[in-house]
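Q:
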Amino acid sequence: MFTIVRDLIRYNIEFAIGLLILLLLIGAVVLSFFSPYPAADIYVVPPDMPPDAEFWLGTTSRGQDTFWQLMIGLRNTLGFGVGVAFLSRILSLVVGLTAGYAGGRTDRVLMAINDSIMVIPQFPILVLFYFVLKDNMNWLMLVLILSALGWSYDARLIRSIAMSLRTRPFTMQSVYSGMSMRKILVEEHLPYVMPIVFATTMNNMIWSIGMEITLSVLGFTDVDTPTMGQMIYWANSHSALISGIWWWVAAPVGAIVILFVGLFLLSMSMNEYIDPRSRLNRMGN
Amino acid sequence: MQTEALLHTPKAASEPILAVENLKAYYTTKAFGIDRDIRAVDDISLTIAKGEIYGVAGESSSGKTSLIKTIVGAIRPPLHVVGGSVCFNFEGQAYNIYDLGPDELQTIRWRHLSYIMQGSMNVLNPVRRIKHSFFDFAFAHMGLDRATFWDKVREHLRRLDLDPGVLDSYPHQLSGGMRQRTTIALATVCTPEFIVADEPTTALDVIVQRDVLTMLRDIQRDLGSSFLFVTHDMSVHATVSDRIGIVYAGRLVEEADTPTLFRGARHPYTQHLVASLPKIGDATRRASLSGRPPSLADPPAGCRFHPRCPLAMDICSKQVPPLNPLAPRHRVACFAVSGATS
Amino acid sequence: MSLLLDIDHVGKTFLQGGLLSRRSIEAVKDISLQIEVERPEILSVVGESGSGKSTLAAMVLGQQLPTRGRVLFDGVDVASIRSRADRCAFMAKVQPVLQNPFEAFNPLKRVDRYLFATAANFMTANGKPTRQEIEARVDRVLVEVGLTLAEVRGRFPHELSGGQLQRTAIARALIPEPRLLVADEPVSMVDASLRMSIVNLFGALRDRLGLSIIYITHDLATAYYISDRIIIMRKGEVVERGDARTVLDNPQHPYSIALKNAVLTPDFA
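The following block contains the structure:
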């Protein structure tokens, strides 16, 4: 693992830039814990101050320091993306590997569920959840809902790999070595799908963070947890752009762009790394 | 079945159609910080006479496929030629493969050279009738009008004992053996002077294999073509090749006429290959070599066979044995045979 | 006379195609075959591609269930094996040797992993085996095939030759002390200079351990060299069977004769 990261940094400029951005974002997350003001408090600083030496990114019309709002927002947004990616990866791995290996009826049942989720229109469902849950719709609930919606495509991808792995002779060797199905899936097949899991993690984060921002901007989420989308929501509701408070909108939008570029670069370099031709050249023989 | 029945007397050393001199071709790969030089073809010299079937034998990853790719100029990075020359002689004119431009090479490939690849039966387009494949591949190169072209194709198929009706079938309607014979017919319809065949019978069943080999023999007899025939299977070589070159780890270690090679091989590796062939009707115990074929990325110094060789001497691990003529048309690269002084 | 393996009028039909154009293909038609407990032997199954020899092997290994007839191993119908415990008991007695040794080991994993896993999973007669017991058994079977644990320990598949890997695969199959090996084209992917060492090993295992081996091949010459009995299959049927040397020296069925005549014999002596 360490050598993979080292090689990627050394020979893949996209990965190096992506990793740098990710480290900056992690820095922001760490920094957010040192915020001098609680995230939800308003009118703690003079409102509508443009960026200067004291308030690096200015202050909002609600009397909050934009810089610290941004740091806390980044933490929540990133945590959101990681949470959704983690939970949905587990779901897609379990479903994909099991369906591909077991085949037969297990495969048909799992894929019926999988395909049903695939064809559900996601955005209307999320809005519907908001109207049903109202005040119960918090950050964690949204993580769970998006995880339940975000695994199906990748489960199909993993299943197709698992199906070909099942017919590989080494699977038969493992079966006749007395290994259980769980052991074969986790120890023999999982290493083959891990690169794809990593690459889809980035895509999944881009998707889930985008979804969260869309919902927040429209006010269809819990607007009291500061996230990137929630910042834009409050800026809009105070007509920040019209009244010239541009930094209130520019900060979250800029941060989102940087975050997406970073994730995209990582996903791209990861894809190149797992490309079989590139892998063959690295292995030799 | 007697092998001699299929074998011609090898033609006396007439003028060579192909002369390969000191050919070296390496795979150079660079990926994520790992640089590798794989010496797939390492200093190989050989000549092939007109009308001769020259067999190349070697184990998996001994470099035999790289050798023929280099000879026909079909190399792509990371494989590249490091030194040496490949010179063909077609109709009295010399062509040095690596001095030609891409257009000239293309013309030569169709007019004079033909390459039957491993698993070549897959070149037939599965969703089109076979006649389309013939038309697409060959029409432009033969310079004939349509009627004459099809007459010529039919005549060629009949000559190879194939029913011209195959032209109207789809590839999946033919058996594996028929498909392979059809692709060989396709590869030879322009009556090339030099045909390269890479493991053309490896995936085939024994009965079909026999048919295909007979067909290749017929082509050689009827068209007078020269062959470079590559397979790992020594019994196939015994059946079709006039002369055999044994490749071990990227180098030619022995070369002789087929009967000489099977009766009196001198290189210990060849001797082992010949002796270990099992035969029906002979259940005497066959010995096996110890060790493993070396990796081309990190071959042993000196003679590459020395770690497995029963005759290994001091010098074998230090110097590379030259491929010395032992008798007319018999060359061996072994210090134990040709003496350490040379 | 007790039977180790009793293949009793077995047939296998595959369904092919979709709902509208379903065809059935008879891969194996009514084959019977017995191996006796007291007479360990190498039984060659010879035929061309599509002759049903690999399907027959899959049925002996319990990987495919016959559509007609029964495969009895030690008196137990292979089709009746359901629970994991029964399945393990069966696998302890019948083990496969696969065609391509480079594909038979996971290229991302060390090869000794399969040896240790097999030992840990099958040496359960006296409870869970200790680390020393496992290592001792693995070393013993490796010596049996002409290797040592030191040569194999910690190696990845690409670090070993085809011959070494195939020996390791055979060693792994020997760990549960099976009574029958099913080897499907075990030498077709092994280099010529190493091939005979594997074939010779099969003979040695039969003689030393009293192991029966079903040797599936298209190569008549090695079948003649090593096997005791032979069956020649064509299109799912046995066309000729009997003592290997007798059959191949003097084949009777037209197909066997054609097959023998097609074998290329390098005869220059």
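Residue numbers (the working numbering), protein chains in the order written: chain A, 141 to 425; chain B, 83 to 424; chain C, 154 to 422.
All C-beta atoms, glycine included, are put in the ideal place defined by N, C-alpha and C.
1) What does E32 (chain B) pair with, by DSSP beta-bridge criteria?
2) Which residues, taken in chain order from the region 325-358 of chain C, show a beta carbon closer than 9 Å to some beta carbon of chain A?
3) Check the Cβ-Cβ distances between T418 (chain C) and every residue of chain B, and say whether any is below 8 Å.
4) So with Cβ pairs under 8 Å, would you call D402 (chain C) a contact of chain B?
5) Using CA atoms only, rank isn't needed, just tell me which of A:I372, A:L405 and A:Y413 is closest to R202 (chain A).
6) Of all the CB atoms in chain C, is at least one closer than 8 Å to the CB of P331 (chain A)?
7) Would you call the CB atoms of R368 (chain B) and M342 (chain C) closer than 8 Å?
8) For Q204 (chain A), would you say it is in contact with chain C, using Cβ-to-Cβ distances shorter than 8 Å as the test?
9) Can you find a CB in chain A that lies within less than 8 Å of the CB of A257 (chain C)?
10) For Q209 (chain A), count neighbouring C-beta atoms within 10 Å of its own C-beta (all shown protein chains included) and say buried if the count is 16 or more, exposed if not.
11) Rounded to whole angstroms, what is the Cα-Cα separation between P392 (chain A) and M303 (chain A)?
12) Taking all protein chains shown into account, do 16 or more other C-beta atoms lie within 10 angstroms of the C-beta of F142 (chain A), making it buried, or fewer, making it exposed?
13) DSSP puts Y177 (chain A) in a beta bridge; with which residues?
14) Shortest alpha-carbon distance to Y197 (chain B) belongs to which of B:S377, B:P160 and B:A267?
15) What would DSSP say about K234 (chain B), mapped onto helix, strand or coil?
16) Assuming I383 (chain C) and V400 (chain C) make a contact with CB atoms under 8 Å, what is their CB distance in whole Å?
17) Can you tell me where the beta strand (DSSP E) holding M386 (chain C) begins and where it ends?
18) In the DSSP assignment, find the unbroken alpha helix (DSSP H) run with H311 (chain C) in it and report its ends.
19) Rounded to whole angstroms, what is the Cα-Cα separation between G158 (chain A) and R296 (chain A)?
20) How would you call F263 (chain A), buried or exposed, if buried means at least 16 neighbouring beta carbons within 10 angstroms?
21) Output, in chain order, the set of chain F residues within a Cβ distance shorter than 7 Å of A270 (chain C).
22) Taking Cβ to Cβ, would you say P310 (chain C) is nearer than 8 Å to F255 (chain C)?
23) Are there 16 or more other CB atoms within 10 angstroms of the CB of K146 (chain B), so buried, or fewer, so exposed?
24) Using only the heavy atoms of the ligand COA, determine whether one of them is closer than 7 Å to the beta carbon of C398 (chain B).
25) Leaving aside the five residues before and after R299 (chain A) along the sequence, list all residues of the same chain whose C-beta is less than 6 Å from its C-beta, in chain order.
26) Tell me the DSSP bridge mates of I184 (chain C)?
27) List the residues of chain A whose Cβ lies closer than 7 Å to the Cβ of P249 (chain C), in chain order.
28) Taking the alpha carbon of I184 (chain C) as the reference point, which residue from C:S314, C:S233, C:L412 and C:V391 has its own alpha carbon closest?
29) Decide if V145 (chain A) is buried, meaning its Cβ has at least 16 other Cβ atoms within 10 Å, or exposed.
30) List, in chain order, every chain C residue whose beta-carbon is nearer than 7 Å to that of R308 (chain A).
31) Excluding the 5 residues flanking M199 (chain B) on each side, which residues of the same chain have their C-beta closer than 7 Å to its C-beta?
32) Report the neighbours of E328 (chain A) on chain C: residues whose CB is nearer than 8 Å to its CB, in chain order.
33) How far does the alpha helix (DSSP H) with T311 (chain A) in it reach, from first residue to last?
34) To the nearest angstrom, report how far apart W279 (chain A) and K323 (chain A) are at their CA atoms.
35) With 8 Å set as the bound, which would you pick, yes or no: does the beta-carbon of A415 (chain C) sit closer than that to a beta-carbon of chain B?
36) Is it buried or exposed for E275 (chain B), if we count other Cβ within 10 angstroms and need 16 for buried?
A: For this structure:
1) Outside the shown range of chain B (83 to 424) lies residue 32 (chain B), about which nothing can therefore be said.
2) Against chain A - using a Cβ distance shorter than 9 Å - the residues of the region 325-358 of chain C are R325, A326, I328 and P329.
3) Translated into the one-based positions of the third sequence, residue 418 (chain C) becomes position 265. Closer than 8 Å to some Cβ of chain B, the Cβ of T418 (chain C) qualifies, so yes.
4) Along the third sequence, read from residue 1 onward, the residue named residue 402 (chain C) stands at position 249. So yes, D402 (chain C) belongs to the interface.
5) Taking the first sequence and counting its residues from 1, one reaches residue 202 (chain A) at position 62. The residue with the shortest Cα to Cα distance from R202 (chain A) is A:I372.
6) To locate residue 331 (chain A), count along the first sequence from 1; it is residue 191. At a cut-off of 8 Å between beta carbons, P331 (chain A) contacts chain C.
7) Within the second sequence, residue 368 (chain B) is the residue found at index 286, counting from 1. Within the third sequence, residue 342 (chain C) is the residue found at index 189, counting from 1. No, they are not a contact pair.
8) Within the first sequence, the letter at position 64 stands for residue 204 (chain A). For Q204 (chain A), no CB of chain C lies under 8 Å from its own CB, so it is not counted at the interface with that chain.
9) On the third sequence, residue 257 (chain C) is found 104 positions in, with the first residue counted as 1. Using a CB distance cut-off of 8 Å, A257 (chain C) counts as an interface residue toward chain A.
10) Along the first sequence, one-based indexing puts residue 209 (chain A) at 69. Per the 10 Å Cβ criterion, buried.
11) For the purposes of this step, residue 392 (chain A) is taken as the residue at position 252 of the first sequence. For the purposes of this step, residue 303 (chain A) is taken as the residue at position 163 of the first sequence. For P392 (chain A) and M303 (chain A), the distance between alpha carbons rounds to 43 Å.
12) One-based indexing of the first sequence puts residue 142 (chain A) at position 2. In summary, F142 (chain A) is exposed, with fewer than 16 beta-carbon neighbours lying within 10 Å of its beta-carbon over all protein chains present.
13) In the first sequence, residue 177 (chain A) corresponds to position 37, counting from 1. Beta-bridge pairing links Y177 (chain A) to no other residue.
14) One-based indexing of the second sequence puts residue 197 (chain B) at position 115. Closest option to Y197 (chain B), judged by alpha-carbon separation, among B:S377, B:P160 and B:A267: B:A267.
15) The residue labelled residue 234 (chain B) in the question sits at position 152 within the second sequence. In the structure shown, K234 (chain B) sits in a helix (DSSP, three-state: H, G or I).
16) Against the third sequence, residue 383 (chain C) aligns to sequence position 230. Against the third sequence, residue 400 (chain C) aligns to sequence position 247. About 5 Å; that satisfies the 8 Å criterion.
17) Reading the third sequence from its first residue, position 233 is the one you call residue 386 (chain C). Annotation for M386 (chain C): the continuous beta strand (DSSP E) segment containing it runs R382 to R387.
18) Along the third sequence, read from residue 1 onward, the residue named residue 311 (chain C) stands at position 158. H311 (chain C) -> no alpha helix (DSSP H), and no H or E assigned at all.
19) By 1-based counting over the first sequence, the position of residue 158 (chain A) is 18. By 1-based counting over the first sequence, the position of residue 296 (chain A) is 156. Whole-angstrom Cα-Cα distance: 27 Å.
20) Stepping through the first sequence from its first residue, residue 263 (chain A) is reached at position 123. Residue burial is scored here from C-beta neighbours: F263 (chain A) has fewer than 16 other C-beta atoms within 10 angstroms and is therefore classed as exposed.
21) Absent here is chain F; the protein component of the structure consists of chains A, B and C.
22) Here residue 310 (chain C) is taken as the residue at index 157 of the third sequence, counted from 1. Here residue 255 (chain C) is taken as the residue at index 102 of the third sequence, counted from 1. The answer is yes: Cβ separation under 8 Å.
23) Residue numbering aside, residue 146 (chain B) sits at position 64 when the second sequence is read from its first letter. By the 10 Å Cβ count, K146 (chain B) comes out buried.
24) The model depicted lacks the ligand COA and carries no ligand whatsoever.
25) Here residue 299 (chain A) refers to the residue found at position 159 when the first sequence is read from its first residue. So the qualifying residues of the chain are G236, A239 and G240.
26) The residue labelled residue 184 (chain C) in the question sits at position 31 within the third sequence. BP columns for I184 (chain C) point to C:V163.
27) Working through the third sequence from its first residue, we reach residue 249 (chain C) at position 96. The answer, in chain order, is M312 and Y316.
28) On the third sequence, residue 184 (chain C) is found 31 positions in, with the first residue counted as 1. Closest by alpha carbon: C:V391.
29) Translated into the one-based positions of the first sequence, residue 145 (chain A) becomes position 5. Looking at its Cβ environment, which holds fewer than 16 other Cβ atoms inside 10 Å, V145 (chain A) is exposed.
30) Here residue 308 (chain A) is taken as the residue at index 168 of the first sequence, counted from 1. Here the neighbours are E256.
31) For the purposes of this step, residue 199 (chain B) is taken as residue 117 along the second sequence, with counting starting at 1. Shown here for M199 (chain B): same chain residues with a beta carbon closer than 7 Å to its own, the five before and five after excluded, namely D280 in chain order.
32) Within the first sequence, numbered from 1, the residue matching residue 328 (chain A) stands at position 188. Simply N259 and K262.
33) As a working mapping, residue 311 (chain A) is identified with position 171 in the first sequence. Its alpha helix (DSSP H) spans residues P309 to Y316.
34) Along the first sequence, one-based indexing puts residue 279 (chain A) at 139. Along the first sequence, one-based indexing puts residue 323 (chain A) at 183. C-alpha of W279 (chain A) to C-alpha of K323 (chain A): approximately 35 Å in a straight line.
35) By 1-based counting over the third sequence, the position of residue 415 (chain C) is 262. Chain B places a beta carbon closer than 8 Å to that of A415 (chain C), counting this residue as a contact.
36) Against the second sequence, residue 275 (chain B) aligns to sequence position 193. It is buried - the Cβ of E275 (chain B) has at least 16 other Cβ atoms within 10 Å.
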